[in-house]
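Numbering (the numbering used here), first residue to last: 12 to 221.
Positions of the beta carbon are idealized from the N, C-alpha and C atoms, including for glycine.
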Ligand SMILES: [Fe+2]
């Protein structure tokens, strides 16, 4: 079901690291997560955030993989915060905190409703809160997985913002630069910068096709 263009040196779509032991609970939860995100507008980004988490940290605890796969999902629940993208800086603290803190409530609530381990449901909250700015080892991994996945999957989305006039082309490009330059995790930062350059190239192509 792969739909995005995946580079040869990137993890395969929904790949699990070979030799990694995963609990039966995690292996049972994962397909449910894929079903939950199936109709989310940015499903590929969430999927790849989970894939990149395991590529960056093959032994990452299971709660971090779950957190990566679900980190944006407050946007699936109406009534969330709104970023006036033409005007407000991408790293706006008020907007990003509202987004991450709301996801850190929505996701554990969903996990609990589906009968997931309460410890797992509680453990995803802090990494989800940290996915935009990082700050702890878990948070830095979340930020790296989010950034790389965004740059890998969303150049078209960002070009669409510019082409439809939601924001200026310069402002749209700033989003790609922010996602690439903000990454604290050292290995993640090198990969993110590569994907930033690739995404900017794709953005320019899609802009020219207008
Ligand atoms: Fe994200």
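In chain order, what residues of the same chain have a beta carbon less than 6 Å from the beta carbon of residue 12, not counting five sequence neighbours either side? Start at 1 with the first residue of the chain shown, and residue 12 comes out as number 1. At residue 12, the pLDDT of 42 sits below 50, so the modelled position is not reliable and the matter cannot be decided from this model.
Under 6 Å: does the beta carbon of residue 102 sit that close to some heavy atom of ligand 1? Within the chain shown, residue 102 is the residue found at index 91, counting from 1. Residue 102 has its CB no nearer than 6 Å to any heavy atom of ligand 1.
For the alpha helix (DSSP H) containing residue 42, list its first residue and its last residue. Working through the chain shown from its first residue, we reach residue 42 at position 31. Residues 35-48.
Contact test: residue 149 Cβ vs ligand 1 heavy atom, cutoff 6 Å: Counted from its first residue, the chain shown places residue 149 at position 138. Checking the 6 Å criterion, the Cβ of residue 149 is out of range of every heavy atom belonging to ligand 1.
Tell me which residue opens and which closes the alpha helix (DSSP H) that residue 157 is part of. Working through the chain shown from its first residue, we reach residue 157 at position 146. In the DSSP annotation of this structure, the continuous segment of the alpha helix (DSSP H) that includes residue 157 starts and ends at 148-164.
Cβ of residue 157 within 6 Å of any heavy atom in ligand 1? Translated into positions along the chain shown, residue 157 becomes position 146. The answer is yes for residue 157.
Report all residues from its chain with a CB closer than 6 Å to the CB of residue 94; omit the five preceding and five following residues, and keep chain order. Sequence index remark: in the chain shown, residue 94 carries index 83 (1-based). By the criterion of a C-beta distance shorter than 6 Å, residue 94 is surrounded in its chain by 106, once the five residues flanking it on both sides are discounted.
Would residue 22 be called buried (16 or more neighbouring beta carbons within 10 Å of its own) or exposed? Residue 22 sits at position 11 when you count from the first residue of the chain shown. Under this definition residue 22 is a buried residue.
What are the boundary residues of the alpha helix (DSSP H) that residue 112 is part of? As a first step, residue 112 is located in the chain shown; it is residue number 101 there, counting from the start. Its alpha helix (DSSP H) spans residues 104-124.
For residue 13, three-class secondary structure by DSSP: Residue mapping note: residue 13 aligns to position 2 of the chain shown, counting from 1. Confidence at residue 13 is low in this model, with a pLDDT of 47, below 50, so the placement of that residue should be treated as unreliable; the coordinate-derived value is given next. Of the three classes helix, strand and coil, the one that applies to residue 13 here is coil, per DSSP.
Whether residue 139 touches residue 117 by CB criterion (7 Å): What you label residue 139 is simply residue 128 of the chain shown in a count that begins at 1. What you label residue 117 is simply residue 106 of the chain shown in a count that begins at 1. No, they are not a contact pair.
Where does residue 182 fall in DSSP's three states? For this step, residue 182 is matched to residue 171 along the chain shown. In the three-state scheme derived from DSSP, where H, G and I count as helix and E and B as strand, residue 182 is classed as helix.
At which residues does the alpha helix (DSSP H) containing residue 283 begin and terminate? The first residue shown for the chain is 12 and the last is 221, placing residue 283 beyond what the model contains.
Could you tell me the alpha carbon to alpha carbon distance between residue 75 and residue 153, rounded to whole angstroms? Translated into positions along the chain shown, residue 75 becomes position 64. Translated into positions along the chain shown, residue 153 becomes position 142. If I take the Cα positions, the gap works out to 8 Å.
Residues near residue 68 in its chain [Cβ-Cβ closer than 7 Å; skip 5 each side]: On the chain shown, residue 68 is found 57 positions in, with the first residue counted as 1. Taking residue 68 as the centre and dropping the five residues before and after it, the same chain places the C-beta of 152 closer than 7 Å to its C-beta, in chain order.
Residue interval of the alpha helix (DSSP H) (run including residue 77): Against the chain shown, residue 77 aligns to sequence position 66. Where residue 77 is concerned, the enclosing alpha helix (DSSP H) stretches over 73-81.
Quick check on residue 46 - is its C-beta less than 7 Å from some C-beta in chain D? No chain D is present in this structure, which holds just one protein chain.
For residue 160 versus residue 60, is the C-beta spacing smaller than 7 Å? Within the chain shown, numbered from 1, the residue matching residue 160 stands at position 149. Within the chain shown, numbered from 1, the residue matching residue 60 stands at position 49. Result yes, Cβ atoms of residue 160 and residue 60 sit closer than 7 Å.
Within the present structure, is the beta-carbon of residue 62 separated from the nearest heavy atom of ligand 1 by less than 6 Å? For the purposes of this step, residue 62 is identified with residue 51 of the chain shown, where counting begins at 1. Proximity of the beta carbon of residue 62 to ligand 1 is not indicated: no heavy atom of the ligand is located closer than 6 Å.
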